[in-house]
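Chain order of the listed sequences is A and B.
The C-terminal position of the first sequence is numbered 966 in the working numbering, with every residue numbered one higher than the one before it.
The C-terminal position of the second sequence is numbered 377 in the working numbering, with every residue numbered one higher than the one before it.
Here is the structure we will look at.
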Amino acid sequence: MLFSSISFLYYFLPCVILLYYIAPKKLKNLTLLISSLVFYAWGEPKYVILMAIGIINGYISGLLIEKFIGTKKAAVVLWISVLINIGCLGYFKYADFFIENINAATGLSIPFLKIALPVGISFYTFQILSYTVDVYRKEVNAQRSIIDLAAYVSMFPQLIAGPIVRYADVAAQLKERTHSFEKAASGIRMFVIGLGKKVLIANALGELCNAYSANTDNSVLLCWMYAFAYSLQIYFDFSGYSDMAVGLGRIFGFELCENFRYPYISQSITEFWRRWHISLGTWFRDYVYIPLGGNRVSKLGHIRNILVVWMLTGFWHGAAWNFIIWGLYFAVFLMIEKFFLLKSLKKTKIIGHIYVLLAVLVSFVIFGSSNLSSAVKCLGGMFGFRGLPFASELQMYYLRSFVVILILAVVGATPLPKKLAEKISKIKDGAVLDIIEPVFLVGITVLSTAYLVDGSFNPFMYFRF
Amino acid sequence: MNQNIKSIITVSVMSALVFGFSAWNILGKDKTYSESERRELAAFPELTQSTLLDGSFMTDFESYALDTFPMRDTFRGIKSAAEIGLFQKLETNGLYIRNGYVSKEEYPYNEQMLDHAAERMRFIYDSFIADKNLNVYFSVIPDKNCFLAEKIRPALDYDDFIKEARKRTDYMQYIDITDLLELDDFYRTDTHWKQEKIVDVAKRLTSEMGVELTCDFTEKVLDTPFEGVYYGQIALPLKADEIHYLSNDAIENCRVTSYSKGKPEETVVYNMKKADGKDPYEIFLSGAEPLIVIENPDAKTDKELVIFRDSFGSSLAPLLVDSYSKIIIADIRYMQSAAVGSFIKFDKQDVLFIYSTLILNNSLSLR
Chain A
502 MLFSSISFLY YFLPCVILLY YIAPKKLKNL TLLISSLVFY AWGEPKYVIL MAIGIINGYI
562 SGLLIEKFIG TKKAAVVLWI SVLINIGCLG YFKYADFFIE NINAATGLSI PFLKIALPVG
622 ISFYTFQILS YTVDVYRKEV NAQRSIIDLA AYVSMFPQLI AGPIVRYADV AAQLKERTHS
682 FEKAASGIRM FVIGLGKKVL IANALGELCN AYSANTDNSV LLCWMYAFAY SLQIYFDFSG
742 YSDMAVGLGR IFGFELCENF RYPYISQSIT EFWRRWHISL GTWFRDYVYI PLGGNRVSKL
802 GHIRNILVVW MLTGFWHGAA WNFIIWGLYF AVFLMIEKFF LLKSLKKTKI IGHIYVLLAV
862 LVSFVIFGSS NLSSAVKCLG GMFGFRGLPF ASELQMYYLR SFVVILILAV VGATPLPKKL
922 AEKISKIKDG AVLDIIEPVF LVGITVLSTA YLVDGSFNPF MYFRF
Chain B
11 MNQNIKSIIT VSVMSALVFG FSAWNILGKD KTYSESERRE LAAFPELTQS TLLDGSFMTD
71 FESYALDTFP MRDTFRGIKS AAEIGLFQKL ETNGLYIRNG YVSKEEYPYN EQMLDHAAER
131 MRFIYDSFIA DKNLNVYFSV IPDKNCFLAE KIRPALDYDD FIKEARKRTD YMQYIDITDL
191 LELDDFYRTD THWKQEKIVD VAKRLTSEMG VELTCDFTEK VLDTPFEGVY YGQIALPLKA
251 DEIHYLSNDA IENCRVTSYS KGKPEETVVY NMKKADGKDP YEIFLSGAEP LIVIENPDAK
311 TDKELVIFRD SFGSSLAPLL VDSYSKIIIA DIRYMQSAAV GSFIKFDKQD VLFIYSTLIL
371 NNSLSLR
């Protein structure tokens with residue numbers, strides 16, 4: 502089920518909120534768990550079992566690791582648990598990718614498994630992994646209540662598209678959390694903003710990207726428009742979904758981690774990745790990069806660590822070479838910055854911004870392409886290697902038709918709207934904002950509903966991850 | 011305002027909105043048909059173990075939730091208004107508004123479609139007409155995009171399109187009607203032309219085909235407002251069109267036979283039962299009909315005409331009734347071209363192929 506759907510907004514969510522607030526404190530996690538299972542089953546009925554296996558594996562492993570802590574048995578249990586988790590992820594997400602490459606390399610013709618990717622598997626698998634590792638590291642106690650652990654893993658606000666919530670961050674909240682009008686209002690605000698980002702901006706930009714794919718009459722302008730629109734679409738799509746998740750979390754009393762912090766205002770790729778998909782970046786840092794030795798190893802070892810982490814980051818996004826190349830592409834920039842460029846970039850703000858935007862635009866062309874050759878085609882078009890005309894009449898029409906959306910998206914990707922809201926909050930001691938805010942929230946909700954009711958274009962990009 | 015009161019207001023307002031629509035959704039009576047979109051709405055899906063397990067219940071439920079959402083048309087209107095007003099998009103749902111007219115750009119030129127249409131016409135000509143030494147005419151009706159003064163996006167080159175169409179049909183005499191048409195000849199909310207505005211077109215056609223047209227018509231207006239096909243699609247509060255129709259003694263006294271059910275059935279030129287139906291334009295010759303024969307017992311001539319047409323022909327054909335003793339109107343969107351010979355005996359008639367650019371550029375429906 503998508504957050505940005507009528508069935509979620511006007512059927513599922515009101516029912517769950519009602520049940521959750523009626524339920525006594527003791528049963529709130531159980532209510533959340535049952536709701537989350539229904540939410541997941543709505544899209545993937547048969548894969549609920551797979552998620553249940555993951556939860557049971559995490560639960561038993563956590564308890565056993567804690568029991569055997571300080572002995573080799575704890576490490577054995579941890580490794581078994583990790584292998585089960587990675588095995589499931591590998592089988593369901595990567596099996597056909599490996600078969601395809603083995604077939605290509607050896608000339609064999611192993612048949613494809615053609616397994617449908619279970620929605621959210623990359624996210625909940627990483628959560629279970631972080632839980633068992635954290636128990637092993639004695640950073641958290643093993644959860645004794647399977648309901649609480651299952652509620653954590655399957656919690657619908659973050660189940661299918663993150664943020665990747667660490668157990669350590671919500672362990673205390675699972676036991677004791679507060680509910681207040683203030684928290685709920687802040688959650689609603691965040692949710693509605695996320696909904697608007699997704700439905701009003703990301704989906705509109707998606708239409709422009711589709712126009713690129715459908716257009717046989719290519720040009721330099723169209724390639725740039727696509728790169729620009731796609732980079733903004735993926736940001737508004739994913740950050741919008743993350744905002745909705747954080748907002749929903751607050752409505753149910755949880756404080757989930759921030760996942761995006763205006764990445765497009767970064768002046769270096771290093772900074773970009775501190776602002777983009779923060780929960781994934783920190784997950785790889787804490788569970789892969791640092792265990793590998795991080796930067797406290799030889800220069801070659803450091804380079805190896807960066808390459809491994811970024812190859813895995815790319816691969817996490819999808820079972821295709823363009824994702825691996827996308828990850829390694831960032832690894833190259835990060836290494837160049839780490840070893841040479843970072844200091845200079847800090848001195849020249851504008852050049853830093855331009856450099857980041859260009860590097861990111863190119864990266865998302867690689868990321869968004871169905872295969873490497875279409876990525877090369879688009880990049881070739883952008884940089885004038887294909888001898889394409891600058892623009893056609895039709896493409897100028899697209900530009901004119903989407904110019905307001907593009908401007909809104911550019912402005913919305915910066916902290917300007919937030920700063921504007923802060924300024925308004927100072928007018929007449931906040932009285933103006935007090936009036937504007939509910940009107941704005943209702944307006945965005947009504948407008949988003951209108952777009953959804955009309956059956957508009959409404960894909961969700963991070964579902965496939 | 012105290013932060014807590016502000017929060018209470020935010021929560022209350024948003025709860026009222028979401029829970030209100032939720033309750034309305036669940037408790038309200040579901041609509042089954044959308045007049046504005048001219049389609050059946052999705053019904054509550056069947057809930058069984060298998061529909062749950064294969065996920066079809068969930069998919070169908072989403073369609074049901076979208077289709078039966080309270081104030082659906084209002085919400086669709088809000089979306090269109092936002093697209094055009096707020097986001098300044100040049101079109102919404104593929105439609106644009108210019109000079110008060112709603113239209114969908116017919117673009118780009120589809121050579122394969124024009125080839126297909128030409129091939130169907132050639133097939134009919136070769137199979138049933140060529141050896142009969144009949145006069146065969148061809149005319150293209152440019153759609154209203156051709157007349158929208160200011161082009162807002164790349165559009166079909168109509169001169170070029172007609173040139174291409176003529177090139178493929180050079181065995182027929184072409185009758186040009188483009189110069190007789192202007193924007194006002196089309197409905198604002200529909201694709202079609204207005205019958206009361208095409209008398210000059212009828213006159214040109216008959217004159218080129220060597221018959222006289224009596225332009226003695228009485229203009230009547232349909233009581234029902236005409237919300238054309240684009241009206242519902244664009245979902246904006248536009249003023250509906252009016253359908254005017256022209257009549258005279260010949261039209262009123264003629265005998266009309268429909269063959270839509272395979273056997274002859276008596277019908278009328280202006281079918282008023284259709285006025286309150288989903289598409290009032292269907293009053294003209296009852297809308298989609300594979301074959302209609304109009305016989306005029308008071309005709310001053312024994313000339314007969316066979317028209318191969320699309321829906322534009324429905325409002326044109328009645329104007330020609332007075333000039334012919336018999337008009338056979340065939341629509342090969344609803345009958346196989348190969349079956350034409352079974353229903354029409356070509357011997358002495360004139361034959362007119364008249365199609366709009368909308369059909370010629372999207373001709374897969376021609377069978």
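Even glycine gets a Cβ: it sits at the ideal position worked out from N, Cα and C.
Contacts that residue i makes with chain A (C-beta to C-beta distance below 9 Å)
i	result
B/Asn35	Ile507, Tyr511, Tyr512
B/Ala92	Leu701, Leu948, Ala951, Tyr952
B/Thr20	Phe682, Ala685, Ala686, Ser687, Ile689, Arg690, Glu938, Pro939, Leu942
Chain-ordered neighbours of residue i on chain B, where CB pairs are closer than 8 Å
i	result
A/Pro612	Residues of chain B passing the Cβ test: none, with the nearest at roughly 24 Å.
A/Tyr898	Leu100, Ile162, Arg163, Pro164
Rounded separation between residue i and residue j - CA only
i	j	result
B/Gln13	A/Glu683	7 Å
B/Ala8	B/Val112	Outside the displayed span of chain B (11 to 377) sits residue 8 of chain B, for which this structure offers no information.
A/Phe903	A/Leu709	7 Å
A/Phe958	A/Met502	Annotation note: pLDDT 47 at A/Phe958 (below 50); position unreliable, coordinate value reported separately. About 15 Å.
A/Gly688	A/Ala672	20 Å
B/Ile139	B/Tyr344	20 Å
B/Ser324	B/Lys204	11 Å
B/Glu129	B/Asp153	21 Å
B/Asn371	B/Ser333	31 Å
B/Ala33	B/Gln122	51 Å
B/Gly351	B/Pro307	25 Å
A/Ser875	A/Ile825	16 Å
B/Phe363	B/Ser149	6 Å
B/Asp70	B/Leu63	13 Å
A/Trp725	A/Pro658	34 Å
A/Arg965	B/Phe196	Caution is warranted here: a pLDDT of 49 is assigned to A/Arg965, below 50, making its placement in the model unreliable, and no coordinate value can be reported.
B/Val266	B/Thr277	5 Å
A/Asp597	A/Asn604	10 Å
B/Val21	A/Tyr521	16 Å
Chain-ordered chain B contacts of residue i [CB-CB under 9 Å]
i	result
A/Pro546	Leu62, Leu63, Asp64, Gly65, Met68
A/Leu895	Tyr117, Pro118, Arg163, Pro164
A/Ala705	Glu93, Phe97, Lys99
First through last residue of the beta strand (DSSP E) which encompasses residue i
i	result
A/Phe569	Element bounds for A/Phe569: n/a, residue is neither H nor E.
B/Arg319	314-319
B/Val209	Here B/Val209 belongs to no beta strand (DSSP E); instead the alpha helix (DSSP H) covers 209-218.
B/Ile18	No beta strand (DSSP E) contains B/Ile18, which is instead part of the alpha helix (DSSP H) from 13-37.
B/Ile107	106-108
B/Tyr255	254-257
B/Val303	301-305
Presumed contact (8 Å Cβ cut-off) between residue i and residue j, rounded CB distance
i	j	result
B/Val28	A/Tyr511	7 Å
B/Ile253	B/Tyr291	7 Å
Where residue i meets chain A, residues with beta-carbon distance less than 7 Å
i	result
B/Gln13	Glu683
B/Phe71	Ser508
B/Arg82	Val954
B/Phe79	Ile507, Val954
Neighbouring residues, chain B, relative to residue i (Cβ below 7 Å)
i	result
A/Arg901	Leu100
A/Val905	Phe97, Gln98
A/Trp543	Met68
A/Pro515	Val28, Phe29, Ser32
A/Gly956	Leu76
Endpoints, the alpha helix (DSSP H) within which residue i is located
i	result
A/Glu938	932-954
A/Glu601	596-607
A/Ala922	917-927
Amino acids of chain A, ordered along the chain, whose beta-carbon sits closer than 8 Å to that of residue i
i	result
B/Arg86	Ala951, Val954, Asp955
B/Val23	Pro939, Leu942, Val943
B/Lys89	Leu948, Ala951, Tyr952, Val954, Asp955, Ser957
Contact with chain C by residue i, beta-carbon distance below 9 Å
i	result
A/Leu862	No chain C is part of this structure, whose protein chains are labelled A and B.
Exercise for review: Run through the stretch 814-873 of chain A for me and flag every whole alpha helix (DSSP H) of 4 or more residues, listed as ranges in chain order.
Suggested key: 822-837, 843-848, 850-869
Check your understanding: Quick one: complete alpha helix (DSSP H) runs, 4+ long, within the stretch 51-82 of chain B?
Key -> 59-63, 66-77
Check your understanding: What runs of the beta strand (DSSP E), each 3 residues or longer, lie entirely inside the stretch 515-581 of chain A?
Key -> none
Exercise for review: Could I get the ranges of all uninterrupted alpha helix (DSSP H) runs contained in the stretch 698-747 of chain A, with 4 residues as the minimum, in chain order?
Suggested key: 704-715
Practice item. Let me know the alpha helix (DSSP H) ranges lying completely inside the stretch 137-182 of chain B, each 4 residues or longer, listed in chain order. Key: 168-178
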